[in-house]
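Trainee: Read left to right, the sequence shown gives residues -16 to 585 (the working numbering). Glycine is no exception: its CB is placed at the ideal position from the N, C-alpha and C atoms.
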Amino acid sequence: MKNIFKLGLISLLVLSLSSCEKWLDINVNPNSPTNLVASVDARLPWIQHHYQYAYGSASMRAGIITGALTLNSTTAANGLLAAWNPAQGSSTTPYQGWFVGAGSNIGDMIATAEKEEAWHYIGAAYTLRAMGFMLMLDWYGEMPYTEALGSTLTPKYDDGKTIFEGCMAELDLALTYFQKTQPTTATPLSKGDSWNGGDVQKWIKMIYGLKARWLNNLSKKSIYSPTEILAAVANGPANNAQSSVIHHVNDLSDMTGDVIIGDPLKTSYLFNTTAWSDGNRFTKYYTDLLENTFTGGSGIEDPRAAKILPYRQSHFVWDPATSSFKKGFIRTKGVDVLKSNIRLSGGPLLMAFNTTTKKYFINSTNPLRLGDTAYVGLRSLCAMTGATTTESLWKATDGTILSTGSFYTRPESPTFIMTYHEMMFIKAEVLFRQGDLPNALIAYKAGIRAHMELMNSKLAQYTGSENPAKTPMSTTDIDNFLASAAVAQTTSQLTMAKIMQQKYIAMSLTQQNWNDMRRFNFSAGNIGNFGVVYPDFDRPFEFGTTGATKLPGTSKSQDNYWFRRMMGITHEMNYNSAQLRASNPKAFDVDIFSVPVWWDMQ
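(1) Taking the alpha-carbon positions, what's the I89 to A107 distance?
(2) Out of curiosity, what's the CA-to-CA distance linking S560 and S134?
(3) Drop a sphere of 10 angstroms on the beta-carbon of V580, count the other beta-carbons inside from all chains shown, and report buried for 16 or more, exposed for fewer.
(4) Are T474 and P421 closer than 7 Å when you measure CB to CB?
(5) Grab me the residues of T110's own chain with a C-beta within less than 8 Å of its C-beta, minus the 5 sequence neighbours each way, in chain order.
(6) Comparing C-alpha positions only, which one of G511, Y391, A85 and Q476 sits nearest to K453?
(7) I'd like the list of long-range same chain contacts for K539, defined as Cβ closer than 7 Å, with 5 residues on each side in sequence excluded.
(8) Find the nearest neighbour of I488 within the set L272, I384, L465 and S363, judged by alpha-carbon distance.
(9) Count the other C-beta atoms from every protein chain shown that fall within 10 angstroms of the C-beta of N200, then say buried if there are 16 or more, exposed otherwise.
(10) Check this for me: beta carbons of T129 and D141, under 7 Å apart or not?
(11) Spatial neighbours of T278 within its chain, please: CB distance less than 6 Å, with the 5 preceding and 5 following residues excluded, ordered by chain position.
(12) From the DSSP output, which residues share a beta bridge with W377?
(13) Going residue by residue through the stretch 240 to 291, where are the continuous alpha helix (DSSP H) segments of at least 4 residues, counting only ones entirely within it?
(14) Report buried or exposed for V183, applying the criterion of at least 16 other Cβ atoms within 10 angstroms of its Cβ.
(15) Do you know how far the Cα of L172 is from the Cα of S15?
(16) Can you name the residues that DSSP bridges to F336?
(17) Quick check on T53: does DSSP put it in helix, strand or coil?
(18) Buried or exposed, going by whether 16 or more other CB atoms sit within 10 Å of the CB of T398?
(19) Any chance you could list the alpha helix (DSSP H) runs of at least 4 consecutive residues sitting entirely within the stretch 140 to 169, in chain order?
(20) For T338, I'd like the list of residues in its chain whose CB is within less than 8 Å of its CB, leaving aside the five on either flank, ordered along the chain.
(21) Does the structure place the stretch 311 to 324 close enough to the stretch 253 to 272 that three or more beta carbon pairs sit under 8 Å?
(22) Which whole-angstrom value describes the C-beta separation of P523 and A66, a residue pair presumed to lie in contact below a C-beta threshold of 8 Å?
(23) For V318, which beta-bridge partners are listed by DSSP?
(24) The beta strand (DSSP E) spanning N297 covers which residue range?
(25) Around the C-beta of G282, are 16 or more other C-beta atoms found within 10 angstroms, so that it is buried, or is it exposed?
(26) Since M334 and D355 should fall inside the 8 Å C-beta cutoff, what is the C-beta to C-beta distance between them, to a whole number of angstroms?
(27) Tell me the residue span of the alpha helix (DSSP H) that contains S40.
(28) Report the three-state DSSP secondary structure of I105 (helix, strand or coil).
(29) According to DSSP, is G175 helix, strand or coil?
(30) Considering M189, what are the terminal residues of the alpha helix (DSSP H) in which it resides?
(31) Between which two residues does the alpha helix (DSSP H) holding I400 run?
(32) Alpha carbon to alpha carbon, how far is F254 from Y294?
(33) Tell me the DSSP bridge mates of V610?
(34) Apart from the five residues just before and just after F116, which ones in its own chain have a Cβ nearer than 6 Å to its Cβ?
(35) Rounded to a whole number of angstroms, what is the C-alpha to C-alpha distance between T373 and P247?
(36) Please identify the residue among G280, E148, E395 and I212 whose C-alpha is closest to the C-alpha of S635.
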């Protein structure tokens, strides 16, 4: 199993590439591209890249499951996912990215690092190993762990408890290596670290942040420990500068994709998985959160809405001051997949643009679809998809901007690995559970502000852009929003729903949002005395009889009403079927999607 997976990196080592800006620049003897030749600084950025692609692809799909994204396609694998009628094909990429691209090469990196006492690379290796296997637990529930990445081609599966405890232990092991001083002869971490630039303290903060995240995922378990979580938060990122962020670029020379997926190496993972083409749209559930128009919302728009939601340029925006039409921008509406039959009636169709009339249109005779021009896609451009400048705007041939893209999904968008704002939302939740409402309120508001300011740190880097969304939010707008009725101002106004809604926005398009929704049983309202934590959320309107064979519950209070995990991939079914079958009684049943993973059960 390990030798097969290792071929992924062997192929990569014959290339000389550059990514984000410099990390994936590997120069190895092309006549001997083997695990014995690759140096630790050559190997680490590739492992980071493939792990993060696995997480990014899982996060895009989690964005669909949790109601932030939908698609124009109803038949492709991810289009079926949007209907909560999941196909096995949607489950493959996270597994592939982790095992083929990343995990299979960690053991060799550790062995090489041990020879030169490059302790910090070993710390990074164990951190990444823990992150990868925890993703497998979150995604699939059971997975080979103790026998994975070894010599056997049919490793046994481990249960979620074993994987969870193993990953936590690996974080502790990673800490011991990061706390060591490397000899001067060892390769410095800064030479190969594409995430934190060799900043050991950031790695340590990230590890404690991971501990806080994972321990908080145990909220349904009797072993849930607020004390341990708060201790981890206290040692995690304490400000935005201590957050772990990948800084991607839209480079016109980035034309050689990786050998597993073929996507560019410098662009953001959410761009690669979400905005490569024009098929993805934000939903009304998501836009309602940003516009505060959900049930019980204040109606006060979040200043992040103008930065996250895409716009299209129009030549016919009415200007009441001059009683004439002018060129301007129109922001997307959200596709209502929860209460409307839009996807059952052929929508939303892709819009087209007539460069002669300067008008958008839908190429359909169906009158129900003519209004689909209201839904602006997330598409942006990179060199591989036709960009001729480092600006990622998708334009018509006459220069009209067809989409401004989203803050989260452009080629140059940052990837937030571990952040201060996540720590604050975890802290707010834990303190709220403990009844410490004054400090929960402080942490909740700190999380909102921290996310806005972290967004601004990227938005401030854009200069001279045609994109109207590439400007920072003003301090006044941030302060006014935080003081508004959209945000809890007193302990009596603070609810778990308010905490988690703001966390959902700050953690947009991440796997963790799906983890959180599972912890609270989505909108069932049956966790503690918190009430409905995700108001308005439900199965998609189009959920039908086929989906009901996979998620057979008939009441929100039933675990199997909700989307709980992904099915094991076809490779495991075909080549490791006996072990997969032994891992879970429902492993081969279509309703495995409704079976909670270990931490999602009491």
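Mentor: Quick answer:
(1) As a first step, residue 89 must be located in the sequence shown, where it is residue number 106. As a first step, residue 107 must be located in the sequence shown, where it is residue number 124. Going by the C-alpha atoms only, they are around 10 Å apart.
(2) Taking the sequence shown and counting its residues from 1, the one referred to as residue 560 is at position 577. Taking the sequence shown and counting its residues from 1, the one referred to as residue 134 is at position 151. Looking at the two C-alpha atoms, the distance is approximately 17 Å.
(3) Translated into the one-based positions of the sequence shown, residue 580 becomes position 597. Per the 10 Å Cβ criterion, buried.
(4) Residue 474 sits at position 491 when you count from the first residue of the sequence shown. Residue 421 sits at position 438 when you count from the first residue of the sequence shown. Yes, these two residues count as a Cβ contact at 7 Å.
(5) For the purposes of this step, residue 110 is taken as the residue at position 127 of the sequence shown. E153, L154, A157, W186, M189, I190 and L193.
(6) Your numbering for residue 453 matches position 470 in the sequence shown. For K453, the nearest C-alpha among the options comes from Y391.
(7) Indexing the sequence shown from 1 puts residue 539 at position 556. When the five nearest sequence neighbours on each side are left out, the beta carbons in the same chain lying within less than 7 Å of the beta carbon of K539 are those of S506 and A507, in order along the chain.
(8) The sequence position of residue 488 within the sequence shown is 505, counting from 1. Nearest option by C-alpha distance: L272.
(9) As a first step, residue 200 must be located in the sequence shown, where it is residue number 217. It counts as buried.
(10) The residue given as residue 129 occupies position 146 in the sequence shown. The residue given as residue 141 occupies position 158 in the sequence shown. A contact, by the Cβ cut-off of 7 Å.
(11) Reading the sequence shown from its first residue, position 295 is the one you call residue 278. Non-local beta-carbon contacts of T278 in its own chain, meaning distances under 6 Å to residues more than five positions away in sequence, involve P518 and D519 in chain order.
(12) For the purposes of this step, residue 377 is taken as residue 394 along the sequence shown, with counting starting at 1. According to DSSP, W377 bridges with S386.
(13) Note on the stretch 240 to 291: whole alpha helix (DSSP H) runs with a minimum of 4 residues are 267 to 274 and 288 to 291, in chain order.
(14) As a first step, residue 183 must be located in the sequence shown, where it is residue number 200. Classification of V183: buried, given that the 10 Å Cβ count is 16 or more.
(15) Here residue 15 is taken as the residue at index 32 of the sequence shown, counted from 1. Here residue 172 is taken as the residue at index 189 of the sequence shown, counted from 1. Residue confidence for S15 is low, a pLDDT of 43 falling below 50, so the modelled location carries little weight and cannot support an answer.
(16) By 1-based counting over the sequence shown, the position of residue 336 is 353. DSSP, once it has assigned bridges, lists Y343 as partnering F336.
(17) Mapped onto the sequence shown, residue 53 falls at position 70. T53 falls in the strand class under three-state DSSP.
(18) Sequence index remark: in the sequence shown, residue 398 carries index 415 (1-based). Buried, by the Cβ-count rule.
(19) 143 to 161
(20) Within the sequence shown, numbered from 1, the residue matching residue 338 stands at position 355. The answer, listed in chain order, is A379, T380, D381 and T383.
(21) yes
(22) Working through the sequence shown from its first residue, we reach residue 523 at position 540. Working through the sequence shown from its first residue, we reach residue 66 at position 83. Indeed they touch by this definition, with Cβ atoms about 6 Å apart.
(23) The sequence position of residue 318 within the sequence shown is 335, counting from 1. In the DSSP output, where bridge partners are listed per residue, V318 has T266.
(24) Position 314 of the sequence shown, counting from 1, holds the residue named residue 297. This sequence places Ser at residue 297; Asn is not what is there. In this chain, the beta strand (DSSP E) harbouring S297 covers Y294 to D302.
(25) Numbered from 1 along the sequence shown, position 299 holds the residue referred to as residue 282. By the 10 Å Cβ count, G282 comes out exposed.
(26) Your numbering for residue 334 matches position 351 in the sequence shown. Your numbering for residue 355 matches position 372 in the sequence shown. Confirmed, Cβ separation roughly 6 Å.
(27) Taking the first residue of the sequence shown as position 1, residue 40 is located at position 57. Note, S40: alpha helix (DSSP H), V23 to I48.
(28) Numbered from its first residue, the sequence shown carries residue 105 at position 122. The answer is helix: DSSP assigns I105 an H, G or I state.
(29) Mapped onto the sequence shown, residue 175 falls at position 192. In the structure shown, G175 adopts coil according to DSSP, grouped into three states.
(30) As a working note, residue 189 is residue 206 in the sequence shown. Run containing M189: V183 to N199, per the alpha helix (DSSP H) assignment.
(31) Within the sequence shown, numbered from 1, the residue matching residue 400 stands at position 417. Premise fails: I400 lies in the beta strand (DSSP E), T398 to M401, not in any alpha helix (DSSP H).
(32) One-based indexing of the sequence shown puts residue 254 at position 271. One-based indexing of the sequence shown puts residue 294 at position 311. When rounded, the distance between both Cα atoms is 17 Å.
(33) Nothing can be reported for residue 610, as the shown portion of the chain is limited to -16 through 585.
(34) Within the sequence shown, residue 116 is the residue found at index 133, counting from 1. Y128, I146 and C150, listed in sequence order.
(35) Here residue 373 corresponds to residue number 390 of the sequence shown, with the count starting at 1. Here residue 247 corresponds to residue number 264 of the sequence shown, with the count starting at 1. Cα to Cα, T373 sits roughly 14 Å from P247.
(36) What the structure shows of the chain is the stretch from -16 to 585, and residue 635 is not part of that stretch, so it cannot be assessed.
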